[in-house]
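Okay, so here's the structure we're looking at.
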Amino acid sequence: MAIVELQDVRKTYMMGHVEVHALRGVDLAFDEGEYVAIMGPSGSGKSTMLNLLGCLDRPSAGKYILGGEDVSRMNDDELSGVRSRRIGFIFQSYNLIAQLSVIENIEVPLYYQGWSEHESYGRATELAALVGLAERFDHRPSELSGGQQQRVAVARALASDPLILLADEPTGNLDSKTGTEIMQLLDDLHAQGKTIITVTHDEGIARHSQRVIRLVDGRVDREEVVAR
Amino acid sequence: MIGFQVKRTLLIGLKSLWLHKLRSGLTVLGMVFGVCSVVAMLAIGEGASYEAQEQIKLLGSTNIIIRAVKPPSGESASEQTQRVLVYGLTYDDAERIATTIPSVQVMAPEREIRKDVWRLHRRIDATIIGTVPWFTEISSRRVARGRFITSMDMHTTANVCVLEPRLVEVLFPFNDPLEKTVKIGREYYRVVGVMAPTGKDAQRNKDAKAGGVEKGGAELYIPLTSARSRFGEITLSSGSGSMDIEEVELHEIIVRVDDLDLVVPTSRILRETLKRFHKKQDYEIIVPLEQLRTAQEIQRTYNIVLGSIAAISLLVGGIGIMNIMLATVTERTREIGIRRALGAKRWDIIVQFLSETVLLSGVGGLSGVAVGILIPLAVERFADMRTIVTWWSLLVAFGISALVGVVFGIYPAYRAAYMDPIEALRHE
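Chains as they are written, first to last, in the numbering used here: chain A, 1 to 228; chain B, 229 to 656.
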């Protein structure tokens with residue numbers, strides 16, 4: 001059963017007085033446990049796609065059904081709720097909060113869901129251990145290497161056990177060795193049954209997925225199944 | 229649950245503020261100055277008003293005081309040639325006031341003579357006041373020990389006297405003054421009573437101790453009749469190369485009326501009555517009630533001025549907070565984006581930034597209250613002014629500071645909450 005379903009999704013921006021059609025009718029469906037890569041040249045609607053999938057934005061037309069819920073007409077507060085419960089973001093530039101420790105960063109999504117202090121601490125330590133940061137609980141992001149920061153971000157994305165992990169160029173800011181490590185981590189998570197969507201322009205990253213969706217000019221140009 | 233959320237929110241706020249210690253500190257300082265100036269100004273204003281009203285109340289609000297004043301000299305050459313300067317109130321004035329003005333309830337005339345008072349080898353330059361038995365009642369003074377002058381003393385023109393505490397201090401430092409004698413001029417007077425100290429005396433004692441200067445307050449009361457017969461009406465005072473001879477019958481008449489409402493009309497009648505019998509302006513009429521009202525009026529103006537200044541400094545503090553919070557919001561745009569992406573609702577963002585401003589203004593408010601309590605103490609110690617810190621002024625100052633925090637925090641918090649999360653995430 002599909003947990004992500006896009007039905008004729010369109011997105012139109014106003015740039016001054018000019019209408020920009022970022023997405024011109026996208027139909028997609030991802031199943032639970034799938035590993036999908038979305039690729040495309042710049043201007044193809046990749047970022048818009050990411051923002052829509054991440055519930056940071058609403059489509060101008062069409063439907064987005066996430067886990068059986070139509071999120072395309074939700075208001076701001078409801079979308080915030082959906083983001084905290086259903087979506088785990090992994091950003092290119094990690095996006096950790098500088099003044100918080102490793103554990104506190106992982107706890108942020110739980111905090112907005114109203115977890116108790118004790119529970120959320122337990123969950124955060126568990127996840128930190130899972131991504132291999134068991135000894136760095138109290139470090140600040142600035143005291144960690146890029147790879148370690150991205151691990152914290154992965155742990156944070158997993159915190160509320162979301163439906164989908166949404167990774168935006170997850171290795172873009174990393175050297176190839178640590179990049180490989182992060183991709184290995186994502187592969188492991190996928191093996192554990194997580195649904196992962198990566199947005200990238202790197203063929204090497206896309207090759208980790210099962211399916212590659214290529215966007216051109218706001219439309220799905222083609223879909224490829226990655227050969228193993 | 230709610231408690232945890234609040235604690236957590238405040239903790240996060242504290243952490244973010246701690247990141248910029250100097251900036252947060254300076255912002256708090258702005259608030260501290262605002263609040264402490266409110267507290268200090270209210271305390272000083274309250275003290276000053278209390279002091280003024282106490283002093284006037286001491287004169288008695290239903291009293292009217294008529295004092296003899298030396299008319300300005302050198303008005304005309306002919307007066308200069310006159311050897312004896314006659315001025316002031318007379319026994320006739322007193323009689324006339326007592327008999328013709330119906331609203332006058334009690335009237336106490338008095339004479340003042342400046343003379344040295346001796347006890348063995350101890351001497352003090354004192355003011356001898358000849359007065360009537362009901363002086364204590366009319367001036368709201370109390371006799372601490374012994375008794376005041378009686379009508380019997382008046383009849384017999386007795387050589388008795390009542391001392392002010394100041395005189396006891398100087399003349400009888402080691403023994404009990406009652407039933408002892410003091411010498412004034414050539415006569416000996418028996419001490420029959422000692423007055424209770426007034427608030428003014430306490431203040432004066434403090435002054436004397438602080439500065440080592442002995443000021444007046446050395447009064448000694450004798451029966452009016454005795455004063456008249458022993459010292460007469462003529463006073464000789466020799467200055468450098470000149471001699472002034474003055475003739476004054478009465479120096480002061482204190483009039484008490486039945487009712488507060490009668491004070492002002494009675495004072496008007498008194499003025500008219502006296503004008504008729506005095507060619508020169510050799511008296512003045514002091515109406516404590518009018519002074520009290522003027523003092524209250526001045527106090528009100530004073531309070532408004534002080535309050536406005538304090539309010540402006542609070543406002544400046546508030547603007548400082550707003551300024552810093554706006555800078556913080558801009559600086560932390562990305563953090564806001566991250567938090568929004570991770571599920572923070574707009575309200576969560578508002579609460580987060582508002583809690584920071586409330587922390588800033590709250591800490592500022594508390595420290596301001598603390599400093600604000602210390603300032604009046606220092607003022608009291610060094611400027612020798614009375615100050616009163618009232619609990620409500622602390623409450624008001626702190627309340628306003630908290631309010632300022634919320635009011636000036638709303639806009640930056642609102643701005644943070646209504647950012648587009650996508651834009652915010654892209655912000656460098």
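For each residue, glycine too, the CB sits at the ideal point set by N, CA and C.
- A direct Cα-to-Cα measurement between Pro604 (chain B) and Val419 (chain B) gives close to 42 Å.
- Taking the C-beta atoms as reference points, Gly600 (chain B) is found nearer than 8 Å to Val266 (chain B).
- Judged by DSSP in its simplified three-state form, Phe626 (chain B) adopts helix.
- In terms of Cα proximity to Gly204 (chain A), the closest of A:Asp217, A:Val220, A:Thr195, A:Gln184 is A:Gln184.
- When Cβ-Cβ separations below 8 Å define contact, Gly54 (chain A) makes contact with chain B.
- Taking all protein chains in view, the Cβ of Thr618 (chain B) is surrounded by fewer than 16 other Cβ atoms within 10 Å, so the residue is classified as exposed.
- Put simply, the segment 560–568 of chain B touches the segment 93–106 of chain A. At least three CB pairs are less than 8 Å apart.
- With a threshold of 8 Å between beta carbons, Asp77 (chain A) makes contact with chain B.
- Rounded to whole angstroms, the separation of the alpha carbons of Phe91 (chain A) and Val152 (chain A) is 11 Å.
- C-alpha of Arg609 (chain B) to C-alpha of Pro361 (chain B): approximately 39 Å in a straight line.
- For the segment 580–599 of chain B, there are no residues whose beta carbon sits under 8 Å from a beta carbon of chain A.
- Cα atoms of Val9 (chain A) and Arg24 (chain A): separation of roughly 7 Å, rounded to the nearest angstrom.
- Nearest Cα to Tyr639 (chain B) within the set B:Gly596, B:Arg324, B:Gly590, B:Met553: B:Met553.
- Among the residues of chain A, none has a CB under 9 Å from the CB of Lys249 (chain B); the nearest is roughly 12 Å distant.
- With a 10 Å radius around the Cβ and a threshold of 16 neighbouring Cβ atoms, Ala652 (chain B) comes out buried.
- When secondary structure is reduced to three states using DSSP, Leu406 (chain B) falls in the coil class, being assigned neither helix nor strand.
- When DSSP reads this structure, Ala29 (chain A) sits in a beta bridge with A:Glu5.
- According to the DSSP assignment, Glu651 (chain B) belongs to the alpha helix (DSSP H) that extends over 649–654.
- At a C-beta separation below 9 Å, Val108 (chain A) has these neighbours in chain B: Ile566, Arg567, Leu570, Gly571, Ala572.
- Within 8 Å of the CB of Ser244 (chain B), the CB atoms of chain A belong to Gln99, in sequence order along the chain.
- Going by DSSP, Trp346 (chain B) is part of the beta strand (DSSP E) stretching over 332–347.
- Around Phe363 (chain B), the same chain offers Ala336 as residues with beta carbons nearer than 6 Å, after the five sequence neighbours per side are excluded.
- When only Cα atoms are considered, Lys343 (chain B) and Gln519 (chain B) end up about 31 Å apart.
- For the segment 277–296 of chain B, the beta-carbon criterion of a distance under 9 Å to any beta-carbon of chain A is satisfied by none of its residues.
- Comparing C-alpha distances from Glu34 (chain A) to each of A:Ala129, A:Asp217, A:Asp187, A:Val216 shows the shortest one belongs to A:Asp187.
- For Pro649 (chain B), the chain A residues whose C-beta falls within less than 7 Å of its own C-beta are Leu56, listed in chain order.
- Contact between the segment 535–543 of chain B and the segment 506–517 of chain B is absent: fewer than 3 CB-CB pairs across the two stretches fall below 8 Å.
- Between Ile377 (chain B) and Val390 (chain B), the C-beta gap is smaller than 8 Å, which places the two residues in contact.
- Think of a sphere of 8 Å around the beta carbon of Arg214 (chain A): no beta carbon from chain B falls inside it, the nearest being about 23 Å out.
- Between Val607 (chain B) and Ile292 (chain B), the gap from beta carbon to beta carbon reaches 8 Å or more.
- Among the CB atoms of chain B, one or more fall inside 8 Å of the CB of Gln113 (chain A).
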